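Numbering (our numbering) for the sequence shown: 27 to 122.
Each residue gets a CB set at the ideal place from its N, CA and C atoms; glycine is no exception.
Computed from a prediction, not measured in an experiment: that's the story for all the values here.
One structure is given here, and the rest of the page talks about it.
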Amino acid sequence: MKSLKFFLLGATLFVPAIALAENPFAGLQFQQQRAQIVKEMRAKCGVSLEQSDTEWQNRLLGMEGNKENIQQATQAMQRKNQQQYDAAIKRIKCPE
């Protein structure tokens with residue numbers, strides 16, 4: 027029984043390490059996707075560059091429904107599905 031616990035603990039710690047080792051650029055990919063969405067939303071909403079990306083992201087995420095639409099846009103981008111990506115971007119509401 028004790029060896030089973032150690033096996034399960036080892037497996038639990040080892041499996042995520044494999045997943046992280048497979049794609050060391052996952053964080054970079056996320057940053058690129060985020061930057062693309064922010065750039066497109068700035069163009070769509072006509073926002074000046076005076077406002078920082080962080081402030082702009084917080085305003086976008088603060089609006090009802092935007093978080094889900096941004097997640098859908100990110101997923102569509104990962105799947106390389108341009109139609110779903112464009113549809114998700116269109117559903118994101120511009121802050122006032």
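Taking the Cα positions, Gln62 is about 10 Å away from Phe56.
Taking a 10 Å sphere around the C-beta of Ala114, we find 16 or more other C-beta atoms and assign the residue as buried.
Sequence-distant Cβ neighbours of Gly88 in its own chain, meaning closer than 8 Å and more than five residues away, are Pro121. In the three-state scheme derived from DSSP, where H, G and I count as helix and E and B as strand, Gly91 is classed as coil. For Gln97 and Arg117, the gap between their C-alpha atoms comes out near 12 Å. Under the three-state reduction of DSSP output, Cys120 falls in the coil class, being neither helix nor strand. Taking each of Gln101, Gln104, Asn84 in turn and checking the Cα distance to Lys119, the smallest one comes out for Asn84.
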